[in-house]
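Undergrad: Here the sequence shown is numbered in my numbering, starting from 211 and rising by one per residue.
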Amino acid sequence: MIEKEGTRLKRLPSAWPISVAAFLLWSLLLSACTFSGAVPSRPSPLEIRVFAQQDAAQDLRTNGFTRLLEDRFNVRFVWQTVPYEGAKEKRQISLAGGQYADAYILTSYIDQFSQADLLRYGKQGVFYPLNDLIANYAPHIRAAMADNAELRELSTAPDGHIYGLVGYNDCFHCTYPYKMWINAKWLDKLGLAMPETTEAFKEALRAFKTRDPNGNGIPDEVPLSGSTEDFGVRIVPFLMNGFVYDDDRTYLRLAGGRASLVADLPAWKEGLAYIKSLYDEGLLDPGAFTQTADALKKIGENEDTQILGAAAAMHPDIFVGTGTDNRRGSDYRPVPPLRGPHADYAVYQGGGDFAPGAKFVITDKASEAARIALIRMADYMYTPEGQANAEIGREGVDWRKPLPGERALGPGADPVFARIPARDGEPPDNEGWGGMGHFFMPKSYRDSWVQSDDLYAPDGYERRLYEATRLYEGRESPELYPVWSVWIDSAVADEASVLQTNIKNDIDQYALQFITGDKDLDKDWNDYVAGLRRIGVDRYLQIMQTAYDDRQVRLR
């Protein structure tokens, strides 16, 4: 249940086609007369062509969940698969040629369609609007969207059409990805308390560097490290949030309904000066700005002796083993958001592990029968059992019903599912779709999985993350910009994408140069701020302000 991995809205978008009351009544009537567990019987299976991103450990042609869907809905998939590497380029090429598949079922955290893609291909007629299919053949999707305002807003374009389905995963621990984990065994040995301020954190790192906490008499300790990918491993966001809110993607804040940049504020400069002080004292591993997560884990799992004091990561298994044979995985505890001169924020990424866009679309190549079959299959994955089969695999092989006395993850939740752990050394069984099967995992679903009460046992790992995330819950900035819930006008979407990429790259590159001393924070600061204006910050803010204002209009 661990992924590499919003504000709850109170109004329906005005673009939503019908009122909630009428919608719910219509839903009940339709669900009583239109849904069945399978496509109406045909003498031979219906052939459906699907484009998918395939993990190296999968074979979608022989996969157990593939076979379940084919048997249940009387279809036969013709797969067009691409590896994870280069997935986005291959997806775009598949569309550009014109001979694309009937549907795309993607893995969100590898690559999915963006909101700009949905608007572009939807208006071109390439992506078939799902509204009527959902209304007539998908009672579970229909009910989910009626009950969940966040899901509706993610799914419904400004023109009122649903061009695709997002991978909705209300993962509590993923919602606050930028966590810091510290070696509590070293804290105890050195008589240090858990740091709660930026200065106390620096003092702990100094002690790790100078007081030989691993006891080998060699100054080989790495006080703090991280890496360069996603999943909370970048160093700057966690530390910067003691000074000013840093979401690590838009660098925006929303004050009084107006969007503005945070990375040109005096508080941002103060945050960079603090991080530079860690770097200058040798408390911050230079490799954190260049290395992969694999390299970070080699530090955490250093063969001879333990050398890692603290690391940024969504969860500790990224940098240290936490399985049955782990040596150090239990040593690391979560550091709360650090109280700095101006703030003590946690980085909030919306309601869970999902990004705006869509992992599932039906194209204009699909026949009417194929469209109906596809939406019914998606609807099946909106049921708890269908989602478990899609994500995890087969009952009795990969998951089971709970045993008496077993406790669910969520406080007060009833246990419904329990994982059957794979045996050591066994290859993946190719039964579930894994991340490709992430369709609808609301909090109620995730909370219903059994987790051990032992936070440091492999089968209690998500409970460990759940409890850790409680330190971060509610600590987000009141001025955060809700990037997960805005739709940028398709006419300026490409421009906005280029601007955001260029601005983020400039901010990140200058941050690194300021921290490492390649640029002088005092002498070069004004040039940095002026450079942001030259590459289009004002235009970027204008686009993002319009997108936010349009969102507010839709919610009235």
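Virtual Cβ for every residue (Gly too), placed ideally from N, Cα, C.
Just the C-alpha distance for P625 and A618, rounded to the nearest angstrom, thanks.
TA: Cα to Cα, the separation comes out at about 4 Å.
Undergrad: Would you call V288 buried or exposed, if buried means 16 or more other Cβ atoms sit within 10 Å of its Cβ?
TA: Counting Cβ neighbours within 10 Å, V288 comes out exposed, since fewer than 16 surround it.
Undergrad: If I measure Cβ to Cβ from G539 and keep anything under 8 Å in the same chain, skipping five residues before and after, which residues do I get?
TA: These residues qualify, in order along the chain: P526, D527, V530, G531, T532, G533, Y666.
Undergrad: Just to confirm my understanding: we take L279, look at its own chain, exclude 5 residues before and 5 after, and list those with CB closer than 8 Å. What are they?
TA: Closer than 8 Å at Cβ, skipping near neighbours: V285, F287, M587, Y590.
Undergrad: Out of curiosity, what's the CA-to-CA distance linking L482 and A553?
TA: Each residue's alpha carbon lies about 14 Å from the other.
Undergrad: On the DSSP bridge assignment, give the partners of Q264 in chain order.
TA: Paired residue(s): P293.
Undergrad: For K733, count neighbouring Cβ atoms within 10 angstroms of its own Cβ and tell me buried if that reaches 16, exposed if not.
TA: It is exposed - the Cβ of K733 has fewer than 16 other Cβ atoms within 10 Å.
Undergrad: Among G442, H350, G466, F570, which one has its Cα closest to the Cα of D456?
TA: With distances taken between Cα atoms, D456 lies closest to G442.
Undergrad: What first and last residue would you give for the alpha helix (DSSP H) that runs through G481?
TA: Where G481 is concerned, the enclosing alpha helix (DSSP H) stretches over 476 to 490.
Undergrad: Evaluate contact between the region 337 to 355 and the region 389 to 398, counting only Cβ atoms and requiring at least three cross-stretch pairs below 8 Å.
TA: Too few Cβ pairs lie closer than 8 Å, so no.
Undergrad: V557 and Y388 look like a contact to me (Cβ under 8 Å); what is the Cβ gap, rounded to whole Å?
TA: Between Y388 and V557 the Cβ distance is about 4 Å, and since that is below 8 Å, they are a contact.
Undergrad: Measure the Cβ-Cβ separation of V432 and I372 and say whether it is below 8 Å.
TA: No, these two residues do not count as a Cβ contact at 8 Å.
Undergrad: Work out the CA separation of E295 and S695 for me, nearest whole Å.
TA: About 28 Å.
Undergrad: Among Q752, I717, A417, which one has its Cα closest to the Cα of D699?
TA: The shortest Cα separation from D699 among Q752, I717, A417 belongs to Q752.
Undergrad: Have a look at R680, P293, G497 and flag the residue whose alpha-carbon is nearest the alpha-carbon of V545.
TA: Cα-wise, what sits closest to V545 is R680.
Undergrad: Extract the residue ranges of the alpha helix (DSSP H) inside the region 569 to 616, only unbroken runs of 4 or more that lie entirely within it.
TA: Those alpha helix (DSSP H) runs which fall completely within the region 569 to 616 and span 4+ residues are 578 to 590, 594 to 601.
Undergrad: Can you find the residues in the same chain that come closer than 6 Å, C-beta to C-beta, to Y489, ignoring five residues on each side of it along the sequence?
TA: Closer than 6 Å at the Cβ level, and outside the excluded window around Y489, lie I725.
Undergrad: Given that a residue counts as buried once 16 or more other Cβ atoms are within 10 Å of its Cβ, and exposed if not, what is S254?
TA: Per the 10 Å Cβ criterion, exposed.
Undergrad: Where does M651 fall in DSSP's three states?
TA: Looking at M651 - three-state DSSP - the assignment turns out to be strand.
Undergrad: Keeping to the same chain, check which residues put their C-beta closer than 7 Å to that of I717; ignore five residues upstream and five downstream.
TA: Answer for I717: Y461, A473, listed in chain order.
Undergrad: When the Cα of D495 is compared with those of E480, K419, F453, K569, which residue comes out closest?
TA: Looking at the Cα atoms, K419 is the closest of the given residues.
Undergrad: Could you have a look at P162 and say whether DSSP puts it in helix, strand or coil?
TA: Limits of the chain in this structure are 211 at one end and 766 at the other, which puts residue 162 out of reach.
Undergrad: Put P496 into one of helix, strand or coil per three-state DSSP.
TA: Of the three classes helix, strand and coil, the one that applies to P496 here is helix, per DSSP.
Undergrad: So with Cβ pairs under 8 Å, would you call L548 a contact of chain C?
TA: You won't find chain C in this structure, because it holds only one protein chain.
Undergrad: By a C-beta neighbour count over all protein chains shown, 10 Å radius and 16 as the cutoff for buried, is G335 buried or exposed?
TA: Its Cβ having fewer than 16 others within 10 Å, G335 is exposed.
Undergrad: CB A576 to CB V376, shorter than 8 Å?
TA: Against a cut-off of 8 Å, the Cβ pair of V376 and A576 comes out as no contact.
Undergrad: Taking G519 as part of the beta strand (DSSP E), name the residues at either end of that continuous run.
TA: Residues 518 to 522.
Undergrad: Tell me E257's beta-bridge partners as DSSP assigns them.
TA: Beta-bridge pairing links E257 to R286.
Undergrad: Return the Cβ separation of S437 and T502 in integer angstroms, given the expectation that the two are a contact with Cβ distance under 8 Å.
TA: Right, the Cβ-Cβ distance comes to about 6 Å (below 8 Å), so this counts as a contact.
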